[in-house]
Amino acid sequence: MRMYRAAITSPELEDVIGQLAPSPTADVYKQAGFHRVLAPTNEWLTHRTRWTHWNCLIVSAEVHHSPFETSTMVVAVDYKWVLISGDISHIEMELFLDRQKRWKKKTSQHEPCQLSLQMKRFISDKVKEKFKLSRILYAMIDSHLLETEAAAFLRPVTRYAYHYRTRGLSDNNDVSGTEPILANRHYHPDLPETAPFGFAFSTDERGKPTLSRGIAQRPVVVGFTTKTMLRNLAYVNDHVLHVDATFRLNTAGFPSVIFGVSDMRRQFHSVAFFILSDIRQLQPETVFLETFKMYQMVTENVTSIGYAMADADVAKRNALEVVVTQELKQAVPPVYLMCFFHVMQNVRKYIASVPPALHRKIHKQVYRIHYARSELDLDRRISEAVSEWKSDPTLRDFERRFSQQWLAGRFTRWQCLATPDGFAKTNNRVEQFNKEIKRDYSLRSLLSVNALAQAFLDMCHHRFCRAKPFNTSPIPSSEQARRYRQFEKGGRLSESSHYRASVAFLMEGNKRQTLRVFQSGFNAPKPTRKKPLRTKEEVD
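Just so we're aligned, residue 0 is where the sequence shown starts under numbering that gives the first Met the number 0, counting upward by one.
Rendered as structure tokens:
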């Protein structure tokens with residue numbers, strides 16, 4: 000920056016002072032024929048942004064009445080400006096003023112439409128109701144707030160709605176905005192059963208939440224639950240613990256972990272919800288450890304894990320085994336079950352390069368392995384599938400990858416016989432719960448981190464109001480009963496049981512029954528219908 004000095008008449012200088020005031024917060028005062036505009040030094044960046052059109056920045060301006068009626072103006076001018084001499088003449092200053100007036104005249108023609116106070120209140124109410132921008136504009140048209148030139152209001156409506164949502168409602172990805180949400184959501188023993196609270200986050204010496212930005216050294220781990228939800232861990236010793244992570248709930252890309260237990264009716268009972276900055280082993284360890292600690296704090300009991308079901312995540316499995324063996328002092332680690340849905344999802348990825356004519360052969364053998372009835376039957380079906388796939392040169396690469404991952408790796412318990420009777424064989428209940436979140440809370444769109452935290456708190460309260468009894472005995476669901484009637488009506492069921500005169504009936508009773516479902520078009524016995532009787536001879 001260079002300092003320049005100019006001499007012009009007093010009235011023109013007063014126009015310059017009135018038009019080029021650096022900011023509304025500048026100190027402007029008048030004393031004994033002396034006019035002065037002084038800008039604080041900490042507003043230089045603001046001035047530079049404001050006057051970048053002329054490449055000029057007003058620092059201070061003074062008026063001194065002298066016998067010659069001249070005034071002095073001190074200006075800081077950028078190097079890019081055309082005036083490079085130390086003295087600015089009267090004509091050059093007039094040229095500068097003319098450029099400023101022409102710029103103001105040009106911008107006044109493109110001045111955006113101003114929103115009235117009634118419009119702003121209407122937009123704020125719709126933003127609270129989670130309306131999208133196009134719906135807000137249509138609602139303004141329907142309420143007769145906008146009748147003509149609605150397209151011209153799209154930009155100011157968008158700006159005001161975005162500003163109110165991100166600043167007024169703190170609906171953004173700044174993790175520090177979650178701290179006020181958690182400030183009054185701490186756990187204490189007198190908390191009601193239905194009151195949601197947050198846990199697993201760090202606090203300062205005064206007990207206030209302190210969240211980092213999610214870096215590797217200081218990850219973000221925030222949990223949400225209620226006392227009633229935590230009591231579902233009392234059934235986890237004899238039932239399946241489900242853990243699932245989803246990455247499609249917030250715009251920051253933070254994974255969300257759903258933690259729950261399924262009963263004998265395959266109903267999902269949530270335990271806690273978590274927001275993590277990443278899914279490395281340290282974060283899942285914190286999830287399991289803090290949840291079990293909070294359960295012990297609420298019930299004064301220590302839980303034990305019998306079965307756990309998740310996807311093929313090494314970090315998640317290692318974290319669960321470390322917490323169960325070291326913190327819970329459990330001698331035997333839990334049986335880690337694989338979700339069959341995730342197995343088939345990976346199979347579909349493997350066969351992307353396989354000709355479509357061979358897809359049926361692959362799916363048939365995978366399903367035969369899944370529905371094996373015993374360990375001996377499982378070994379026989381695996382050997383048959385491997386031999387069939389190796390016999391075809393096109394499927395050898397698939398057989399190698401499938402055997403390494405799902406037959407000989409750490410995630411081999413995805414067959415029905417690995418899961419006790421009445422337990423869920425897949426993580427579909429958790430997947431259905433994730434679908435419910437996207438349908439009822441996120442409205443099929445990505446939420447910010449702060450909005451997702453508030454949504455999890457609301458979900459904890461709503462889950463208590465919609466709580467279902469925990470079934471400890473196998474009960475067929477209404478959907479399963481409906482499918483049974485549908486298959487039976489179509490003649491696609493074959494049921495066999497022990498005869499009363501057989502030795503098996505005397506040893507096992509009539510508890511064991513075999514139910515086979517025929518595939519459509521293959522070995523399905525057609526239902527026999529009696530010929531209607533029409534004549535008297537046929538009746539006799």
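Just so you know, even glycine gets a beta-carbon here, dropped at the ideal spot from N, CA and C.
Anticipated Cβ contact below 8 Å, V260 with V235, distance rounded: 5 Å
For I214, tell me which candidate among N183, Y186, V174, G197 has the shortest Cα-Cα distance. V174
How many Å lie between K488 and Q479 at the Cα? 14 Å
Three-state secondary structure (DSSP) at Y366? helix
Three-state class that DSSP yields for E320 in the structure shown: helix
Using a 10 Å radius around the Cβ and a threshold of 16 neighbouring Cβ atoms, would you call P354 buried or exposed? exposed
DSSP state of H143 mapped onto helix, strand, coil: Look at H143 here: in three-state DSSP terms it is coil, with no helix or strand label.
Output yes if chain D places a C-beta closer than 9 Å to the C-beta of L181; else output no. Within the model displayed, chain D is absent; a lone protein chain is all it includes.
So is Y335 buried or exposed if we call it buried at 16+ other beta carbons inside 10 Å? buried
Is L336 helix, strand or coil when you go by DSSP? strand
Alpha carbon to alpha carbon, what distance is there between T157 and T106? Annotation note: pLDDT 41 at T106 (below 50); position unreliable, no value reported.
Limits of the beta strand (DSSP E) - the one that T224 falls within: 220-224
Buried or exposed: which applies to V323, given that a residue is buried once 16 or more other Cβ atoms fall within 10 Å of its Cβ? buried
Please name the residue or residues paired with P473 in a DSSP beta bridge. Looking at the DSSP assignment, P473 forms no beta bridge with any residue, so it has no partner.
Exposed or buried, K292, counting other C-beta atoms within 10 Å across all chains shown (16 or more means buried)? exposed
Throw me the rounded Cβ distance for the H241 and R428 pair, which I believe falls under 8 Å. 7 Å
Proximal residues to L416 (C-beta, below 8 Å), its chain only, five neighbours per side dropped: A371, R372, S373, E374, L377
Simplified DSSP state of M308, which is helix, strand or coil: M308 falls in the strand class under three-state DSSP.
For L377, report the span of its alpha helix (DSSP H) as first-last. 374-390
Quick test of the definition: if touching needs 3 or more C-beta pairs under 8 Å, does the stretch 219-232 touch the stretch 454-474? yes
Best match in V256, H187, S386, L153 for proximity to F432 [C-alpha to C-alpha]: F432 has its Cα closest to that of V256, out of V256, H187, S386, L153.
Assuming contact is defined by CB atoms lying nearer than 9 Å, are R367 and A384 in contact in what I supplied? yes
Alpha-carbon to alpha-carbon, R154 and L145: 14 Å
Residue range of the alpha helix (DSSP H) that includes A182: 177-182
Buried or exposed for N553, going by 16 or more other Cβ atoms inside 10 Å? No answer is possible for residue 553: it lies beyond the span of the chain, which begins at 0 and ends at 539.
Cα separation between Q325 and A199? Those two C-alpha atoms are separated by around 19 Å.
In terms of residues, what are the limits of the alpha helix (DSSP H) holding A454? 448-464
Can you tell me where the alpha helix (DSSP H) holding S123 begins and where it ends? 116-127
Residue range of the beta strand (DSSP E) that T245 falls in? 239-245
Alpha carbons only, please: which of N183, S276, A356, D124 is nearest the one belonging to Y161? D124
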